[in-house]
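Remarks on the structure that follows.
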Amino acid sequence: MVPSVGDETTMVKRSPHRDSAPAKKPRPKRVVPDREVVRRLLGSGGDAMGQCMQCATCSAVCELTPDDAPFPRKEMLWAQWGLVDRLVSDVDIWLCHECHDCTVRCPRGARPGDVMAALRQACVSHYSFPQGLARAAAAPAGLVWIVLASAALLAAASIGWDATGVTVAELTGGGTRIAIPFWTRFPHGLLIALFLTVFAFDVAVLGLGMRRYWRALSATALSAPTRATPNAWGQSLRAALGRIVWHDDFASCQHEARRRFGHGLVVYGTVGLMVVDLWVVTARQNPLLSGLVYPLGLADPWKLLANLAGVALVMGCVMMGIERLRRRERWFPGGKWSGLEGVRRAPSGTYGDWLLLGLISTVVLTGFVTEGLHLFRVDELRYAAYAAHLVSVTTLFVVLPYSKLAHLAYRTLAFLFVERYGLRRRAAVRAETAPAASCAQPKLSPQEVP
Amino acid sequence: MSGIAVLLCEGCELGSALDMGALTRLASGQQGVGTVKSVPCLCSEAGADVLRECASDEPSAMVLGACAARFMPLTTKDCRCRIERVALRELAVWSHEARHDETQALAGDYLRMGLIRALKSAAPEPDVREVERTVLVVGGGAAGIAAALAAAGAGYRVVVVEQGAELGGWLRETKRLPPSRAPYRDLEPSPLDSLVNELVSLPLVTVHAGATVARITGEPGRFEVELRTPGGTTALRAGGIVQATGFTPYDANRLPHLGYGDSPDVVTTFELERMLAAGPVCRPSNGQPARRIAFVQCAGSRDPAHLPYCSTVCCRTTLKQALWAREIDPDCEAYVVAKDLRSPGVHEAFYRRAQEDPLVFFTKGEVRRVKVGKSGSLSVEITGGLLGDDVELPADLVVLAVGMVPRASNNDALRELSDARAALAKGGPGQAAAEETIRRLEVLADTGTLGLGYRQGPDLPLDRYGFPDSHFICFPYETRRTGIYTAGAVRAPNDLEACCIDGQGAALKAIQAIEHAAEGLAMHPRWGDVAPPTFNLQRCTQCKRCTEECPFGTLDEDERCTPKLNSTRCRRCGICLGACPERIISFPDYSIDIVSTLVKSVPIPDEFEESPRILVFACENDAYPALEMAGLHRHTYSAYVRVIPVRCLGSVNVIWIADAMAMGYDGVLLLGCKPGDDTQCHFMRGSDLMATRSENVKQKLTQLALEDERVRIEYVAITDFSTLGGRIDAFVERIQEIGLNPFKDV
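Top to bottom, those sequences are chains X and E.
Using the numbering used here, read the first sequence as starting at 1163 and increasing by one per residue.
Using the numbering used here, read the second sequence as starting at 102 and increasing by one per residue.
Encoded structure:
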């Protein structure tokens, strides 16, 4: 993306001393709207963002908004003007959990929640490389190419592997050789090597992006830090991870509070599967696994954990998907709330949202299908299913640093940043200063909005 | 004739709360009273029969002691005599303790007052004369055309005076307009041609183009008009006048910080309008296409140093021009910088339409200045928005959305000028001051619009923003000159739609003025009041207070400064009556004598009874209805007060206050509408005049060794009825603290 705004040092001011007279008056910063950025945001969930009239309803309902930098109001304006440099150095967009309280209340149907999602996607794209892959991950056509490429990668790698002769059959202790020759070529060693490579690539892309994002954050937000000394790294990291572990931030959402549960299932399902994967990857070296015969029995604790985690993941995905599809009825019951049908569309998710849910579900479902077919030895299909599973896993890994899944890196980073530098959200300030009784905010349904 | 008939209603607790026998005896004992009857329920069928029967005896007047006429009409056209309603229900029974001596005394006093009014009021005689059924429309823009169409449509002759060569005004400069029809999204062509064609096709309409008004004399129904036309002068008669002189754009040269004059590339919306009509928008400096057009909203508007008000149309004009420019050149960008964008009502849809265009960029913010670079480059410096406290926006063309200044003449200055000239011509002292005034104001000499031959100046009085003022809250189009109504942008900043509605409204008001003048009836707010004031000129001292203080310029003067009535200009407010130190002005049913008698009719308990009496003069427009509403809602207040309704606080003559003090009342409370810049006075000046007069009264009281707190003014809106009782009680309490009037029983 083309940088369009000049010196960006003081936009997000958080200093109580902001009015102290500077020694020398700085030159006004030049603002040049970037129509290309605007066009991209319009196409990725921000189609109604032009309707924002800066009324600040969104900031008034948002629990995150800092006192002196209204969120998401300022981001709406920057998005309308395509001021990409401000947007990608903004910590607030990553603190947002997309609870859509703003979307429900927006009198113009501008759907700030979706715009924030589009901005996060733009932020991920901005900081990742190569840009071609980032663009491919952001559109359905690109996904087709990525899937095909993943399949080709797997096929090519397995053909090349044939010479080495190490197969699954050997690994399982000389059991039945697999009947269909082509599909025997997915030995674990190959897969481990492949996925480790892709994973290393992901880590590199995300790591570099995080590094650049952290620098941008430091440049903007820390020009006027709120505290003299930052919190210790350890303390900050603990606090940031605590927010993730307990999913506290979801609880402050009014209209999407149930997502805390669905998202939790997905997160902990993923953690469970990763633990099992780690075991499998390290099978040959792992003393705990020695003597075990592959495939593991259904009653095996690892198998049990894997299946449970898989079920949790699917359940979480389904819950989140259903919640997303039912937003319209939940938020605008009877369709009555809107006097402006068409413009005031309920968001049922952007492409990026569904891509993530779809990919995760595909990975887990193909995994279960493979497992089932394997159990019943349905030879004709089990390898096909396994292939599909492997392709979907590869695809997931390839798009990971460019998709919504990158939020696990960027959002964690944003948490770490605000914990380290003590940037306090309005909700936290209010909880500290307000008397206990008034803390309990009544939860209004959309009909109750005055 | 059988004397005054008195009917007392016993319904609505009146019968049980009051001693009706005592009231009947009281009424029977009064002068001129014929029959007195007590009826169980006056608003029932039986009550109506009693009323009809009573009316058939042709009494000189009827006094109905019942409820307020405001809430319950009782009489019909059968009752041709004068009818006095005494609101015993609201003012006595429902607002005071039942079966209490003080309540009984109160009811008795109100009944006595009603009888006095019935006895003393003379039958009013309307001043009926020939009228000219022609509406003069000054100004041939959108509002003027709409006024002319409406008046002609109602069958009245219309004369349109347009100073330009053609009809149309600003509409002629405007080729495309913001939407006026659902779905309020698309630009519309100007309707000017069809409007003009329709107008000129009407046989009742005469258009004088290139003409101005030289002089207007006379009064509603009978205006004598003299026009300056290209061919000389034309004289005509008109019954009512609509002033639709429109606006001028605010002078952008007064906004040097916005770069106007520094660069030819800084233009106003009015200049851009012409550029857009001519085709692709180019930079005037070098003829290059203007690819980045920055609109600066509120250029001088909503700014105490320039125009303190919002002109309502500039934002929509900007939206229109931005979309228009984008339509001509789809590659250009439009930036709109506004304090806040105002696209009121349904026109929000048009704002949304503009927002759908991703290359029309909006931001809130204050424009600190427009910077003109050495090479002629422009940038708009913005502060206070979310783009940052200190940012600049480069642009090829900067458009200043300047506001509307009403095209109305400064009546006060013009009058000062003509007075100074008269003083100079007359000779005598003050020559130097007159010359100085003439030097100062001479520049305005030819800026008159209507040339009224009125004592109070040649044009309409203006409000603090320069608009011809009116009691705008309740009655748009009203000015302080009866029979002359304003419409369009000269009345208030208006868009085309509002101008057309305005024109129709003002035309109908002008017609109403003509028809009321034909029957000798008053206009707003004492609709249909028959009798103009009479002057006992033998005792007139030519002090000019009535001619100066009349809010409507009703009175002219002859050469000896004797007041000269123009009866159809009069609104019957009685401010002249309140002003006159010689007390020579009266209405048949409202005079110094009548009210003085009312004041004196109340028996004042002596100093040993510890029962004070407070006199309340309540303005009939808001305060008196509020009191009746307080009663209707059963809000109670002190029974020591006696309320006399007055036409306006300004109609209260200080002699009444003096009478009250001499009679032994312990305090006088004046209830009226709010004065000041945003006065709520229905006659514009009444409350302000009373505030001044009451200061004099207080000085008098001090001279008489009376506490000046005994006279208090309270300003009451009609919505204050729930708190009014409390305010009355507070005054009564204060009076009791001060102690009784030492002049009691003197």
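A virtual CB, placed ideally from N, CA and C, is assigned to each residue, including glycine.
Where Pro-1563/X sits in the DSSP three-state scheme: Looking up residue 1563/X in the first sequence gives position 401. If DSSP states are grouped into helix, strand and coil, Pro-1563/X belongs with the helices.
Is the distance from the Cβ of Met-163/E to the Cβ of Arg-743/E below 9 Å? For this step, residue 163/E is matched to residue 62 along the second sequence. For this step, residue 743/E is matched to residue 642 along the second sequence. Not closer than 9 Å, so no.
Starting from Leu-460/E, find everything on chain X with Cβ-Cβ shorter than 9 Å and list it in chain order. Locating residue 460/E in the second sequence gives position 359, where the first residue counts as 1. Chain X residues near Leu-460/E: Pro-1195, Arg-1197, Val-1200.
Taking C-beta to C-beta, are Leu-328/E and Ala-312/E nearer than 9 Å? Numbered from its first residue, the second sequence carries residue 328/E at position 227. Numbered from its first residue, the second sequence carries residue 312/E at position 211. For Leu-328/E and Ala-312/E, yes; Cβs fall inside 9 Å.
Residues that Pro-1188/X contacts on chain E, provided the C-beta gap is smaller than 8 Å: As a working mapping, residue 1188/X is identified with position 26 in the first sequence. Correct list: Asp-491.
Let's see if you can read the secondary structure: which residues bound the alpha helix (DSSP H) around Arg-1282/X? Along the first sequence, read from residue 1 onward, the residue named residue 1282/X stands at position 120. Start and end: 1274-1289.
At which residues does the alpha helix (DSSP H) containing Ser-788/E begin and terminate? Along the second sequence, read from residue 1 onward, the residue named residue 788/E stands at position 687. Unbroken alpha helix (DSSP H) run through Ser-788/E: 787-804.
Since Ala-193/E and Ala-208/E are thought to touch, with beta carbons under 8 Å apart, how far apart are those beta carbons, to the nearest angstrom? Within the second sequence, residue 193/E is the residue found at index 92, counting from 1. Within the second sequence, residue 208/E is the residue found at index 107, counting from 1. Sure, about 4 Å apart at Cβ, within 8 Å.
Enumerate, from N- to C-terminal direction, the unbroken beta strand (DSSP E) stretches of 3 or more residues contained entirely within the stretch 376-436 of chain E. 393-400
Just checking: is the beta-carbon of Glu-457/E within a distance shorter than 9 Å of some beta-carbon in chain X? The residue you call residue 457/E lines up with position 356 of the second sequence. With 9 Å as the cut-off, Glu-457/E counts as an interface residue toward chain X.
Using a Cβ-Cβ cut-off of 9 Å, state whether Gly-116/E counts as contacting chain X. By one-based count along the second sequence, residue 116/E stands at place 15. Cβ-Cβ to chain X under 9 Å: no for Gly-116/E.
Can you name, in chain order, every residue of its own chain whose Cβ lies under 8 Å from the Cβ of Val-397/E, other than the five neighbours on each side? To locate residue 397/E, count along the second sequence from 1; it is residue 296. Counting only Cβ-Cβ distances below 8 Å, and skipping sequence neighbours, we find Leu-359, Val-438, Val-468, Val-471, Val-481, Val-499, Val-500, Leu-501, Ala-502.
Here's the rule: buried if 16 or more other CB atoms are within 10 angstroms of the residue's CB, otherwise exposed. What is Asn-856/E? Outside the modelled stretch of chain E, which goes from 102 to 847, sits residue 856/E, for which no answer is possible.
Taking only beta carbons into account, state which residues of the stretch 468-488 of chain E come closer than 7 Å to chain A, listed in chain order. In the displayed structure, chain A is absent; the protein chains listed are X and E.
Among residues of its own chain, excluding the 5 on either side of Ser-702/E, which ones have a beta-carbon nearer than 8 Å to its beta-carbon? As a first step, residue 702/E is located in the second sequence; it is residue number 601 there, counting from the start. Answer for Ser-702/E: Asp-210, Arg-213, Met-214, Ile-217, listed in chain order.
Contacting residues, own chain, Cβ-Cβ under 6 Å from Cys-155/E (five flanking each side not counted): As a first step, residue 155/E must be located in the second sequence, where it is residue number 54. Excluding positions up to five away in sequence, the list reads Ala-106.
Which residues of the stretch 1242-1275 of chain X have a Cβ closer than 7 Å to any Cβ of chain E? Give them in chain order. Residues passing the 7 Å Cβ filter: Gln-1242, Trp-1243.
Nearest-angstrom Cβ-Cβ length linking Leu-1517/X and Ser-1554/X, presumed shorter than 8 Å: Sequence index remark: in the first sequence, residue 1517/X carries index 355 (1-based). Sequence index remark: in the first sequence, residue 1554/X carries index 392 (1-based). The C-beta distance from Leu-1517/X to Ser-1554/X rounds to 12 Å, too long to meet the 8 Å contact threshold.
Proximal residues to Tyr-1572/X (C-beta, below 6 Å), its chain only, five neighbours per side dropped: Taking the first residue of the first sequence as 1, we reach residue 1572/X at position 410. Excluding sequence positions up to five before and after Tyr-1572/X, its CB lies within less than 6 Å of the CB of Trp-1256, all in the same chain and listed in chain order.
Cβ neighbours of Thr-307/E in the same chain (closer than 6 Å, five flanking residues each side left out): As a working mapping, residue 307/E is identified with position 206 in the second sequence. Around Thr-307/E: Val-260.
Contact belief for Ile-836/E with Pro-713/E at Cβ below 8 Å, rounded distance in angstroms: The sequence position of residue 836/E within the second sequence is 735, counting from 1. The sequence position of residue 713/E within the second sequence is 612, counting from 1. Indeed they touch by this definition, with Cβ atoms about 6 Å apart.
Pull up the distance between the alpha-carbon of Ser-103/E and that of Glu-159/E, whole angstroms please. By 1-based counting over the second sequence, the position of residue 103/E is 2. By 1-based counting over the second sequence, the position of residue 159/E is 58. One C-alpha to the other measures close to 7 Å.
Chain-ordered chain E contacts of Leu-1239/X [CB-CB under 9 Å]: By one-based count along the first sequence, residue 1239/X stands at place 77. Chain E residues near Leu-1239/X: Phe-463, Thr-464, Lys-465, Gly-486, Leu-487, Leu-488.
Indicate the three-state DSSP secondary structure (helix, strand or coil) for Pro-1597/X in the structure shown. As a working note, residue 1597/X is residue 435 in the first sequence. Only weak support is given to the placement of Pro-1597/X: the predicted model assigns it a pLDDT of 45, under 50, and the value that follows is read from those uncertain coordinates. It is coil, neither helix nor strand.
Min CB distance Pro-1228/X to chain E below 9 Å: What you label residue 1228/X is simply residue 66 of the first sequence in a count that begins at 1. Taking Cβ atoms only, chain E never reaches closer than 9 Å to Pro-1228/X, which makes this a no.
For Phe-832/E, does the count of other Cβ atoms within 10 angstroms reach 16, so buried, or fall short, so exposed? Translated into the one-based positions of the second sequence, residue 832/E becomes position 731. Phe-832/E is buried by the Cβ-count criterion.
Which first and last residues belong to the beta strand (DSSP E) in which Thr-334/E is found? As a first step, residue 334/E must be located in the second sequence, where it is residue number 233. Taken as a continuous stretch (DSSP letters only), the beta strand (DSSP E) holding Thr-334/E covers 333-339.
Could you check where the alpha helix (DSSP H) with Ile-836/E kicks off and where it finishes? Here residue 836/E refers to the residue found at position 735 of the second sequence. 822-839 is the span of the alpha helix (DSSP H), which, as asked, contains Ile-836/E.
Whose C-beta lies closer than 6 Å to the C-beta of Arg-1282/X among residues of the same chain, with five residues either side of it excluded? Within the first sequence, residue 1282/X is the residue found at index 120, counting from 1. If we look at Arg-1282/X and ignore the five residues flanking it on each side, its Cβ neighbours are Ile-1255.
Going by the DSSP bridge assignment, what does Tyr-586/E pair with across the sheet? Position 485 of the second sequence, counting from 1, holds the residue named residue 586/E. BP columns for Tyr-586/E point to Val-343/E.
Mind checking Asp-630/E: buried by the 16 CB within 10 Å criterion, or exposed? Residue mapping note: residue 630/E aligns to position 529 of the second sequence, counting from 1. Flag for Asp-630/E reads buried.
Out of Leu-1519/X, Ala-1303/X, Trp-1395/X, Leu-1458/X, state which residue places its alpha-carbon closest to the alpha-carbon of Val-1438/X. Position 276 of the first sequence, counted from the start, is the residue given in the question as residue 1438/X. Val-1438/X has its Cα closest to that of Leu-1458/X, out of Leu-1519/X, Ala-1303/X, Trp-1395/X, Leu-1458/X.
Can you give me the C-alpha to C-alpha distance between Arg-627/E and Glu-191/E, rounded to a whole angstrom? For the purposes of this step, residue 627/E is taken as the residue at position 526 of the second sequence. For the purposes of this step, residue 191/E is taken as the residue at position 90 of the second sequence. The alpha-carbon of Arg-627/E is positioned some 23 Å away from that of Glu-191/E.
Using 9 Å as the limit for Cβ to Cβ distance, is Leu-1305/X near chain E? Here residue 1305/X is taken as the residue at index 143 of the first sequence, counted from 1. Taking Cβ atoms only, chain E never reaches closer than 9 Å to Leu-1305/X, which makes this a no.
Contacts that Leu-1527/X makes with chain E (C-beta to C-beta distance below 9 Å): Start at 1 with the first residue of the first sequence, and residue 1527/X comes out as number 365. What Leu-1527/X touches in chain E: nothing, since even the nearest Cβ is about 39 Å away.
Roughly how far, in whole angstroms, is the beta-carbon of Gly-654/E from the beta-carbon of Arg-670/E, given that I think they are within contact range, below 8 Å? Locating residue 654/E in the second sequence gives position 553, where the first residue counts as 1. Locating residue 670/E in the second sequence gives position 569, where the first residue counts as 1. Contact check for Gly-654/E and Arg-670/E: beta-carbon distance about 7 Å, within the 8 Å limit, so the pair qualifies.
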